[in-house]
Structure formats: structure tokens, C-alpha cells
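Q: Following this message is one structure expressed as C-alpha cells.
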Amino acid sequence: MKIQVASVDSLIIYFADVISKENSLKVKSAYKCLKALNNKAFIEIIPSYTSILITYDIFLYDFYSLRNMLTKILDNLPIEKESSQNLIKIDVYYSLEVGLDLQRVALHSNLSIDEVIKLHSSKIYDVYAIGFLPGFAYLASVDEKIKTPRLKTPRKKIPKGSVAIADSQTAVYPKESPGGWNILGRTAFNFFDKDLEALSPISIESKIKFNPICKEEFLSQGGII
Numbered sequence: 009m010k011i012q013v014a015s016v017d018s019l020i021i022y023f024a025d026v027i028s029k030e031n032s033l034k035v036k037s038a039y040k041c042l043k044a045l046n047n048k049a050f051i052e053i054i055p056s057y058t059s060i061l062i063t064y065d066i067f068l069y070d071f072y073s074l075r076n077m078l079t080k081i082l083d084n085l086p087i088e089k090e091s092s093q094n095l096i097k098i099d100v101y102y103s104l105e106v107g108l109d110l111q112r113v114a115l116h117s118n119l120s121i122d123e124v125i126k127l128h129s130s131k132i133y134d135v136y137a138i139g140f141l142p143g144f145a146y147l148a149s150v151d152e153k154i155k156t157p158r159l160k161t162p163r164k165k166i167p168k169g170s171v172a173i174a175d176s177q178t179a180v181y182p183k184e185s186p187g188g189w190n191i192l193g194r195t196a197f198n199f200f201d202k203d204l205e206a207l208s209p210i211s212i213e214s215k216i217k218f219n220p221i222c223k224e225e226f227l228s229q230g231g232i233i
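Reading the sequence shown from the start, the letters are residues 9 to 233 in the numbering used here.
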């Protein structure tokens, strides 16, 4: 574990250099521990793949005093086991109608469209980080057979709820935005909710399972094509 200055009022805790499930669990255990402290000096705690960024009140801590405190707390912190209690099932309408790159992924993977859908929806994904947009959860890892590089030229407009993959990761666009990921389908599930304190029902403690549904069911849930 390394703790380094990020700015005048922030620091980064590095737990590893390699993205992996084990290192993700280290980050999640540390994040949960830090949140449980309810330390008023912590303005923001942002977890990522292998690190945690902490923005703090410089009138309560300086870098060295905070680094010493964090080292004592986190150095020998046990890694918590995974829990299935945070599993969130997301209904997805997979089709060429809304899956702008479904055919591309199938051709790249030398698979049928049905096989791509089955492989993408059969896994339970871990949330590795949340960023880019509020509620944009980076999920991993997709089946090796459907790993597909992102588009060379990003689209200027990706519809809200688009379910996509890029290399070994998958995600859902929480709102309309530019993007270069491969779009497989669309969901009516709301990944961004301004009424929630965290702005999303998804956290790094969540697990995600995608569930294929038909067009009629998607529309009945409020989905838009």
C-alpha cells in the first residue's frame, strides 16, 4: 500500500498496480472501512480499480498526519468476503434495433448474435469503479470470447440506458452522452437518480446481472426506442 499526495487537499491510496478481482476486494474493504469512520474531515472518498482518492479538510489534517492515521487503519485490514446480497438484476432489450454494435461484436468474436447475448447476460459482474458520468459503473469482466475493442471514432450521442462493452469491461450509459463503447442493447433501469445522495442505486459493493427481455417488456417498463 502506498499513499501519495494528489493535490493540496487530497491524497491517493494505492493498493496495487494490477487490476484484478483480489485487488478490487482490497479497495472495497478499505472503502467500506473509511466510510464507516464517518470522519468529518473526509470531504470525498472516491474508489477506483486499484486505489482510493480522499479529499480532506486541510484545517483538520495535513498530508503527513492523515497518511499516518490511514496507514495504521488500513495496513493490516482484513479483506472481506464477497456477498451475494448486493446483486442487482438489470433487464436488457438486446436487438439490432437498439444494439448498434451487436452485429459488429458478433463478427469480431466469430459468434452468432444469440451467442453474444447469452455470453454477455450469463455472467455476474463486479463494479470496479464509478465515474466518467454520475452512475456510470465500470463492470468486469466480460467473457473472453466477446472482448471487443472500443470504436476508433466515438459517437457524438449514445442514448440513455445503452448497454455496452469495451475490451473486458461492460457498462450502462446513465444518460445521453458521447461514447465509444460497443452498444449491445438498452435498459429502462435508471442508473442515475438525482434524489439519491450517491446519485445512483449502484455502488462498488453492487454486483450486476443482465437479464434479456423482449421489446414489449422493455417498452412496458418505460423503455424508449
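For each residue, glycine too, the CB sits at the ideal point set by N, CA and C.
Would you kindly work out how many angstroms separate the C-alpha atoms of Thr-156 and Asn-76, rounded to a whole number?
A: If I take the Cα positions, the gap works out to 43 Å.
Q: With burial defined as no fewer than 16 other Cβ atoms inside 10 Å of the residue's Cβ, what is the status of Lys-217: buried or exposed?
A: Under this definition Lys-217 is an exposed residue.
Q: Answer with buried or exposed for Lys-36, where buried requires no fewer than 16 other C-beta atoms within 10 angstroms of its C-beta.
A: With 16 or more Cβ atoms within 10 Å of its Cβ, Lys-36 is classed as buried.
Q: May I ask you to verify whether the segment 71–85 touches the segment 143–157, counting CB pairs closer than 8 Å and requiring at least 3?
A: Contact fails: fewer than three Cβ-Cβ distances are below 8 Å.
Q: Output the distance between the C-alpha atoms of Ser-228 and Ser-56, rounded to the nearest integer angstrom.
A: The straight-line gap from Cα to Cα measures roughly 35 Å.
Q: Using the C-alpha atoms, what's the distance from Tyr-39 back to Val-180?
A: Roughly 23 Å separates the two Cα atoms.
Q: So what's Val-26 in DSSP terms, helix, strand or just coil?
A: Of the three classes helix, strand and coil, the one that applies to Val-26 here is coil, per DSSP.
Q: Near Tyr-4, which residues of its chain fall below 6 Å by C-beta distance, leaving aside the five closest residues on each side in sequence?
A: Coverage of the chain is limited to positions 9 through 233, which leaves residue 4 absent and any answer about it impossible.
Q: Please classify Phe-67 as buried or exposed, where buried requires at least 16 neighbouring CB atoms within 10 angstroms.
A: When all chains shown are included, Phe-67 counts as exposed.
Q: Given a cut-off of 9 Å on the beta-carbon distance, is the pair Ile-1 and Leu-19 in contact?
A: Within the shown structure, residues of the chain are numbered from 9 to 233, placing residue 1 beyond reach of any answer.
Q: Mind listing, in chain order, the continuous alpha helix (DSSP H) runs of no fewer than 4 residues lying wholly within the segment 92–131?
A: If we require 4 residues or more, the alpha helix (DSSP H) runs fully inside the segment 92–131 come out as 110–117 and 121–129.
Q: Is the segment 205–215 touching the segment 112–130, taking contact as three or more C-beta pairs under 8 Å?
A: Contact between the segment 205–215 and the segment 112–130 is absent, because fewer than three Cβ pairs lie under 8 Å.
Q: Output the boundary residues of the beta strand (DSSP E) element that contains Phe-50.
A: From DSSP, the beta strand (DSSP E) with Phe-50 extends over 50–55.
Q: In three-state DSSP terms, what is Leu-45?
A: Helix, per DSSP.
Q: Quick test of your reading: Leu-192 and Leu-95, contact by CB under 8 Å. State the CB separation rounded to the nearest angstrom.
A: Not confirmed; about 20 Å, so no contact.
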